[in-house]
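There are 2 protein chains.
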Amino acid sequence: MGSIIRIPKPVYILSAATVAGQHEKNGPLGEYFDIIGDKDDTFGCDTWEKTESEMQRLALSRALNYAALRDTDLEAILAGDLLNQCAGSCYGLVSFDAPFLGLFGACSTAAEALLLSALLCSAHINRCAAVSSSHNASAERQFRYPLEYGGQRAPTAQWTVTGAGAFILTSIQDDLIKSSYSKGAVPTISEVLIGKSLDAGIKDANNMGAAMAPAAADTLLRYFKESSLLPSDFDMILTGDLGFEGSNILCDLTAAKGLDISSVHCDGGLIIYDRTGQDKHAGGSGCGCSAVVLAAQVLRAIRTGQITNMLFVGTGALMNPTVIQQGGTIPGIAHLVRITSDPTS
Amino acid sequence: MGSIIRIPKPVYILSAATVAGQHEKNGPLGEYFDIIGDKDDTFGCDTWEKTESEMQRLALSRALNYAALRDTDLEAILAGDLLNQCAGSCYGLVSFDAPFLGLFGACSTAAEALLLSALLCSAHINRCAAVSSSHNASAERQFRYPLEYGGQRAPTAQWTVTGAGAFILTSIQDDLIKSSYSKGAVPTISEVLIGKSLDAGIKDANNMGAAMAPAAADTLLRYFKESSLLPSDFDMILTGDLGFEGSNILCDLTAAKGLDISSVHCDGGLIIYDRTGQDKHAGGSGCGCSAVVLAAQVLRAIRTGQITNMLFVGTGALMNPTVIQQGGTIPGIAHLVRITSDPTS
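These protein sequence lines map, in sequence, to chains Y and C. Quick note on numbering: the working numbering labels position 6 of the first sequence as 30, and the sequence is numbered without any gaps. Quick note on numbering: the working numbering labels position 214 of the second sequence as 238, and the sequence is numbered without any gaps.
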């Protein structure tokens, strides 16, 4: 089982806000981020855990501000990040007076949070927030090596993005009137497909793309088979974040099954940094990458009418460093969220 | 905001299965567990990560067996555990052919998974599984000290339970006919209340009960205020897992607000071990504790008619060991699930 779930009533992305670091500011999307950190990406904090928590707090505060809502208007916050025990979310969002649901989906967390938020807002509650983050310094230390070690990076390695994204979702149409964000078309979640975790046997902690691509292919193949739609029916299929290595594998895997996505495929990890000007090897990754690319660039394109119908496929490598040291493999997962322009608003 | 969510159509707990270790087998509930580990609690694996993963796999396999269902009948698996990156769930459940949603709620994970499962099954899908686990050896190593270190335990310390619990939920009444588990009354989720994370300033990693009790009090006070019900309307209020220290604090905190829960309150951490015969200090804890107590004892009591109406309040300490070493505090959370006997089945 595992079918496309059609969202029974419109759930609007009322607002979104992004927080990013210096490398991200210097990339192609730099001008679109809402809040940029200080020069050392500490956000004024004395530990990386506090930094990432602060980034989540800033992102959600700004998104609430754009939506003209307060924390007490939220009926749930769904959040997660890459830190052990999701410390960025658990510590960063504790000051908000709202129910909290912690998620773990590795780099697929933004998609998982949007997916569950859309399901909840279409049936049980009216408004919620989806928040996720990653920080290069905290993630590299935890999953690979501390930055101070100066380890040489493999060509397949992706660069963990320093970024946090927050989205406010609502099923109340009147909310759209007050929001300063929703001038233009309103991004609306119309379908979701929950990913299956897949273990393709990848053991290389420096090749996340290869671990995630089979899951992304599985999700997309299931989606197009069930929906009978074609890639050309969409303006964009945004994966996040497979990077250079994983994007190529994804396109090969889907093509081998007769599904050619190459003309509309775009990967968050490939567009957040300059492939030639910034030394980021296989591209960006991290819970924050797909969140800030979606929020800063893609939703903006929906609001201005450049994109009216797209698929966001959030990909995650469910990697535990201890298991990797034991010689274990890295399962991957990919959750799909279909976002359209709401024609009625 | 943050109100009681009434589940719009009955969601049945179709089956549940438990896996437990030797200490749990030797406790008061020992005879009720479905699968007991080998003498060293390794479950035949050569690392604790593999052990805990295997426990989740066994629990879900057995629960599916009881429900007379296969993995492909599930439209989602919602799961989490205490290991970094939820390794027990991510690795333990990858072999099941079903959509997967990873959760992080620390020891509240069983409640969070049941809560979200009930919401999804009442509106968007028909069947799903909720799975959680903990293992004494993996958790103590990760959060405090490796067992081999032999550190002296504080009187307020709780003992991480070696256990995994899996629940199969369905909204299809016909499923009840096939399930071997559902002879007798059928446990049915009728209401949920999502917890708010609260930071009471506790910094002691050996006093989880004190960190969680304020969140449990907040959730219960919100529930009884909104519902206008009384504790005496319920056969049981099961918290899990506050242990001795946290249970006393919870009863004091609620009593101070005029809510006396003492006559119906029961804590999973207090009943899983023998307070006098087993040297477990403040009682049990861990994602597996509330899961196995609920599955093995409380749902059994519902099926036999001893309990017809109860509240399950899953409590979690959202603790990150690195943050604790930095002098940080421990936020707590508590999710509420109301379980009744379905009168129609």
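Where is the CB? At the ideal position from N, CA and C, for every residue including glycine.
Check your understanding: Exposed or buried, which one is Pro-34 of chain Y when buried takes at least 16 other CB atoms within 10 Å?
Key -> buried
message = Counting only Cβ pairs nearer than 9 Å, list the residues of chain Y close to His-289 of chain C.
response = Within 9 Å Cβ-Cβ: nothing; His-289 of chain C doesn't reach chain Y, min ~22 Å.
Quick check: what's the CA-CA separation for Glu-78 of chain Y versus His-148 of chain Y? 30 Å
message: Using C-beta distances below 6 Å, list every residue in its chain close to Asp-199 of chain Y, excluding the 5 sequence neighbours before and after it, in chain order.
response: Leu-38
Minimum Cβ-Cβ distance from Glu-136 of chain Y to chain C less than 9 Å: yes
query = Per DSSP, what kind of secondary structure is Arg-94 of chain Y in: helix, strand or coil?
reply = coil
**Message:** Using 9 Å as the threshold, is the C-beta distance between Ile-218 of chain C and His-359 of chain C below it?
**Reply:** yes
* **For Gly-187 of chain Y, the first and last residue of its enclosing beta strand (DSSP E)** => 187-194
TODO: Find the residues of chain C that neighbour Lys-220 of chain Y, judging by a C-beta separation of less than 8 Å, and give them in chain order.
DONE: Asp-121, Ala-122, Pro-123, Phe-124
Next item on the list: Work out the CA separation of Gly-329 of chain Y and Ser-369 of chain Y for me, nearest whole Å.
Entry: Interpretation of Ser-369 of chain Y is limited by its pLDDT of 49, a score under 50 that renders its predicted location unreliable; no figure is taken from the coordinates.
Determine the extent of the beta strand (DSSP E) in which Asn-333 of chain Y is found, giving its start and end residues.
333-341
Suppose the cutoff is 6 Å on Cβ atoms and the five residues either side in sequence are ignored; what does the same chain contact list for Val-43 of chain C look like? Ile-59, Met-79, Leu-82, Ala-83, Ala-188
Q: Go ahead and pull the three-state DSSP assignment for Leu-82 of chain Y.
A: helix
Show which residues of chain Y have a CB atom less than 9 Å away from the CB atom of Val-185 of chain C. Here the premise fails: no neighbours, minimum Cβ distance about 18 Å.
Quiz item: To the nearest angstrom, how far is it from the Cα of Gln-302 of chain C to the Cα of Gly-293 of chain C?
Solution: 13 Å
Legend entry - Ala-376 of chain C classed as buried or exposed, judged by whether at least 16 other C-beta atoms fall within 10 angstroms: The question about residue 376 of chain C has no answer here: the residues shown for chain C are numbered 25 through 369.
- Task: Could you pull the start and end residues of the alpha helix (DSSP H) that Tyr-238 of chain C belongs to?
- Result: First, the residue type needs correcting, since residue 238 of chain C is Pro and not Tyr in the sequence shown. Here the alpha helix (DSSP H) through Pro-238 of chain C covers 232-251.
Return yes when the Cβ of Glu-73 of chain Y is within less than 9 Å of the Cβ of Cys-152 of chain Y, no when it is not. no
- Message: With three or more beta-carbon pairs closer than 8 Å as the criterion, would you say the segment 256-270 of chain Y touches the segment 210-228 of chain Y?
- Response: no
(message) Need the endpoints of the alpha helix (DSSP H) that Asp-276 of chain C sits in, please.
(response) 267-280
Start and end residues, beta strand (DSSP E) containing Pro-104 of chain C | According to the sequence provided, residue 104 of chain C is Gly. The question's Pro does not apply to it. Gly-104 of chain C -> beta strand (DSSP E) spans 101-105.
**Item:** Beta carbon proximity, Leu-342 of chain Y to chain C, threshold 9 Å
**Value:** yes
Please go through the segment 120-147 of chain Y and give each complete alpha helix (DSSP H) segment of 4 or more residues, from N-terminal end onward.
-> 133-145
Between the segment 333-365 of chain Y and chain D, which residues of the former have CB atoms less than 9 Å from a CB of the latter, in chain order? Looking at the structure shown, chain D is missing, and the protein chains on hand are Y and C.
Practice prompt. Inspect the beta-carbon positions of Ala-209 of chain C and Arg-362 of chain C and report whether they are closer than 9 Å.
Written response: no
Q) Hey, is Cys-110 of chain C's beta-carbon within less than 9 Å of any beta-carbon in chain Y? A) yes
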